[in-house]
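From first to last, the protein sequence lines stand for chains A and B.
Residue numbers in the first sequence follow the working numbering, run continuously in steps of one, and reach 139 at the last position.
Residue numbers in the second sequence follow the working numbering, run continuously in steps of one, and reach 443 at the last position.
Idealized CB from N, CA, C, for every residue including glycine.
Bear in mind that the values here come from a model prediction, so they are computed numbers and not experimental data.
One structure below.
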Amino acid sequence: MRVTQGTFSFLPDFTDQQIHEQVQYCIDNGWAVSIEYTDDPHPRNTYWEMWGHPMFDNPDAAAVVYELNECRKVYGSYYIRIIAFDSSPGWESIRLSFIVNRPAEEPGFKLSRTEVKGRNIQYSITPYSSDKPQGSRYK
Amino acid sequence: MENEEMEKEAKTVTEVNLKEDFQASGVADILTELDNSLIGLKPVKTRIKETASLLLVDKAREKLGLVNESPTLHMSFSGNPGTGKTTVALKMANLLFRLGYVRKGHLVTVTRDDLVGQYIGHTAPKTKEVLKKAMGGVLFIDEAYYLYRPENERDYGQEAIEILLQVMENNRDDLVVILAGYKDKMDKFFESNPGFRSRIAHHIEFPDYSNNELLEIAEVMVASMNYEFNEESKKAMAEYIKIRKKQPHFANARSIRNAIDRARLRQANRIFNNSEGPIGASFLSQIEDVDIRQSRVFSGGIDK
């Protein structure tokens with residue numbers, strides 16, 4: 001099951017050229033661009049691991065694509081996303097976030113229903129991949 | 140349907156107009172600006188013009204589908220201090236931007252300290268940080284030969300060189316590297332780092348300025364600061380240049396700039412000590428020959 005998170009998530013995966021252009025748009029708006037990765041695709045897993053610092057002073061998107069490819073070399077089987085922070089309101093807020101790398105196989109999520117008081121049902125989802133310990137989830 | 144046809148038409152370009160391209164790219168403006176704003180440097184200007192036309196023709200060939208590999212644009216500028224290497228690099232960045240070979244056209248100037256770290260594991264991130272900053276523009280490495288220190292085999296400079304070479308090769312479309320420094324040291328540097336030599340296509344040499352050119356430069360500098368020479372002070376400046384040139388640590392245009400700065404200091408002192416009553420703008424901007432002749436250079440000393 002294809003994980004859809006963030007912007008453009010219903011489009012086909014971007015090529016490097018397309019990523020370059022999206023990132024350039026962010027940089028031209030004065031946003032700081034950062035690369036993050038994770039092997040836990042749960043939708044409530046908001047804080048992913050950072051790949052280096054957010055890039056505050058690179059005028060060209062080639063730097064981000066370069067770092068992305070470095071990150072792919074190490075975490076090529078993980079989810080990698082690009083995040084753009086806008087600091088103009090006085091705090092860093094996310095303006096744009098999109099997935100740029102995903103595992104070859106995405107096993108999807110398990111939906112479990114728990115009956116609680118008054119025959120109400122509580123739903124929860126668990127990624128099948130998180131049955132395995134962190135670091136050995138995707139090959 | 141119509142769109143497809145139009146696209147087909149657009150793709151089959153059979154002719155290009157070099158003159159039009161030349162005008163449209165704004166390269167002509169930069170070349171004339173280069174001619175007017177820089178005094179002397181004949182061989183440098185010729186080389187830049189040659190490079191510009193090569194790149195322009197390459198772009199035209201690309202349009203006609205005569206695809207050749209993207210040319211290597213990395214350069215080396217060698218010459219004595221104060222011969223305008225940084226200034227020309229700035230112009231070069233702008234030129235490459237207008238020709239469409241770099242995307243942003245900014246110049247990042249660094250020296251060894253910005254690239255090489257202090258302890259193990261510090262160099263690679265530092266060098267990469269600088270390279271990323273320069274992507275889309277031009278990276279200008281001043282006194283590049285200090286990167287290589289053969290006397291210390293554990294020197295981290297070697298690591299920076301390796302990363303540099305790798306990025307120069309793999310990210311050729313993303314940035315242009317210009318190495319700069321003194322002629323003889325650069326030659327030695329290239330000899331011991333053949334990887335650099337083969338990756339650099341354009342070696343441009345910056346000649347020293349002649350006495351007349353230096354005087355012309357002095358006049359331009361003075362004018363840009365809203366001062367002026369009179370006949371005597373111009374003569375004094377010419378003599379100053381003649382003597383200063385023979386002394387050690389002469390740095391061409393930079394020495395002239397320093398001399399003018401000191402002359403301004405003396406002029407201010409002279410005016411302050413002698414003036415009584417109101418004085419006009421012309422008096423305040425006049426550099427007299429005494430302002431120059433008080434220099435230690437004339438009494439056998441050395442101006443730093």
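Residues near residue i in its chain [Cβ-Cβ closer than 8 Å; skip 5 each side]
i, result
"lysine 272(B)", "Val247"
"glutamate 172(B)", "Lys230"
"valine 269(B)", "Val247, Val249, Asp253, Leu254, Leu278"
"asparagine 45(A)", "Thr38"
"asparagine 332(B)", "Tyr287, Ile300"
"methionine 274(B)", "Asn310, Asp313, Leu314"
"leucine 157(B)", "Leu195, Val196, Ala199"
"asparagine 233(B)", "Ile169, Gly244"
Alpha carbon of residue i to alpha carbon of residue j, nearest angstrom
i, j, result
"valine 436(B)", "alanine 283(B)", "32 Å"
"glutamine 386(B)", "tyrosine 379(B)", "11 Å"
"arginine 242(B)", "arginine 251(B)", "26 Å"
"isoleucine 302(B)", "methionine 360(B)", "40 Å"
"glutamate 330(B)", "glycine 320(B)", "14 Å"
"lysine 324(B)", "leucine 286(B)", "12 Å"
"phenylalanine 328(B)", "isoleucine 280(B)", "13 Å"
"aspartate 347(B)", "alanine 357(B)", "15 Å"
"valine 100(A)", "isoleucine 178(B)", "51 Å"
"isoleucine 259(B)", "tyrosine 295(B)", "8 Å"
"alanine 377(B)", "glycine 439(B)", "16 Å"
"aspartate 18(A)", "isoleucine 80(A)", "Sequence inspection shows glutamine at residue 18(A); the aspartate mentioned does not correspond to that position. In a straight line, the C-alpha of glutamine 18(A) is about 16 Å away from that of isoleucine 80(A)."
"glutamate 352(B)", "threonine 190(B)", "25 Å"
"threonine 335(B)", "leucine 304(B)", "First, the amino acid is wrong: residue 335(B) is phenylalanine here, not threonine. Answer to the nearest angstrom: the Cα atoms are 7 Å apart."
"alanine 420(B)", "alanine 228(B)", "36 Å"
"cysteine 71(A)", "methionine 55(A)", "14 Å"
"asparagine 413(B)", "glycine 223(B)", "38 Å"
"alanine 61(A)", "isoleucine 35(A)", "12 Å"
"arginine 396(B)", "serine 87(A)", "42 Å"
"lysine 132(A)", "phenylalanine 109(A)", "14 Å"
"glycine 256(B)", "serine 176(B)", "38 Å"
"lysine 147(B)", "tyrosine 240(B)", "Confidence is the limiting factor: at lysine 147(B) the pLDDT is only 48, short of 50, which leaves the residue's position unreliable and the question unanswerable from this model."
"asparagine 369(B)", "histidine 342(B)", "40 Å"
Own chain, CB closer than 6 Å to residue i, minus 5 neighbours either side, in chain order
i, result
"isoleucine 339(B)", "His213, Ser215"
"leucine 111(A)", "Ile125"
"tyrosine 78(A)", "Tyr37, Asp39"
"glutamate 21(A)", "none"
Burial state of residue i, where buried means 16 or more other Cβ atoms lie within 10 Å
i, result
"proline 264(B)", "exposed"
"proline 41(A)", "buried"
"tryptophan 51(A)", "buried"
"leucine 11(A)", "exposed"
"histidine 261(B)", "exposed"
"asparagine 449(B)", "Any question about residue 449(B) goes unanswered here, given that chain B covers just 140 to 443."
"alanine 392(B)", "buried"
"serine 363(B)", "exposed"
"glutamine 134(A)", "exposed"
"histidine 245(B)", "buried"
"threonine 266(B)", "buried"
"arginine 237(B)", "buried"
"proline 127(A)", "buried"
"alanine 163(B)", "exposed"
"isoleucine 418(B)", "exposed"
"alanine 84(A)", "buried"
"tryptophan 91(A)", "exposed"
"proline 59(A)", "buried"
"phenylalanine 389(B)", "buried"
"methionine 1(A)", "exposed"
"valine 74(A)", "exposed"
"serine 129(A)", "buried"
"leucine 490(B)", "Outside the displayed span of chain B (140 to 443) sits residue 490(B), for which this structure offers no information."
"phenylalanine 345(B)", "buried"
Within chain B, the residues that residue i reaches when beta carbons sit closer than 7 Å
i, result
"alanine 84(A)", "Neighbours of alanine 84(A) on chain B: none; closest Cβ ~16 Å, over 7 Å."
"tyrosine 138(A)", "Within chain B, no residue comes near tyrosine 138(A); the closest Cβ sits about 27 Å away, beyond 7 Å."
Contacts that residue i makes with chain B (C-beta to C-beta distance below 8 Å)
i, result
"asparagine 29(A)", "The contacting residues do not exist; asparagine 29(A) stays about 15 Å from chain B at best."
"aspartate 57(A)", "Lys272"
Residues near residue i by beta carbon distance below 7 Å, same chain, minus five either side
i, result
"serine 394(B)", "Gly221, Arg383"
"alanine 375(B)", "Asp428, Ile431, Arg432"
"aspartate 13(A)", "none"
"threonine 15(A)", "none"
"alanine 402(B)", "Ile426, Asp430, Ile431"
"glycine 6(A)", "Arg81, Ser97, Phe98, Ile99"
"leucine 170(B)", "Lys188, Ala191"
"glutamate 355(B)", "Ile178"
"serine 209(B)", "Arg311, Asp312"
Under 9 Å by beta carbon: chain B residues contacting residue i
i, result
"alanine 62(A)", "Arg242, Lys271, Met274, Gly275, Asn310, Asp312, Asp313, Leu314"
Contact set between residue i and chain A, taken where Cβ atoms lie within less than 7 Å
i, result
"histidine 245(B)", "Pro59"
Alpha helix (DSSP H) segments (min. 4 residues) lying fully within the region 56-131 of chain A | Those alpha helix (DSSP H) runs which fall completely within the region 56-131 of chain A and span 4+ residues are 62-75.
Interface positions of the region 65-89 of chain A facing chain E (Cβ-Cβ less than 8 Å), listed along the chain = The structure shown contains no chain E; its protein chains are A and B.
Whole beta strand (DSSP E) elements within the region 313-387 of chain B, 3-residue minimum | At a cut-off of 3 residues, the continuous stretches assigned as beta strand (DSSP E) that sit fully inside the region 313-387 of chain B are 315-320, 341-345.
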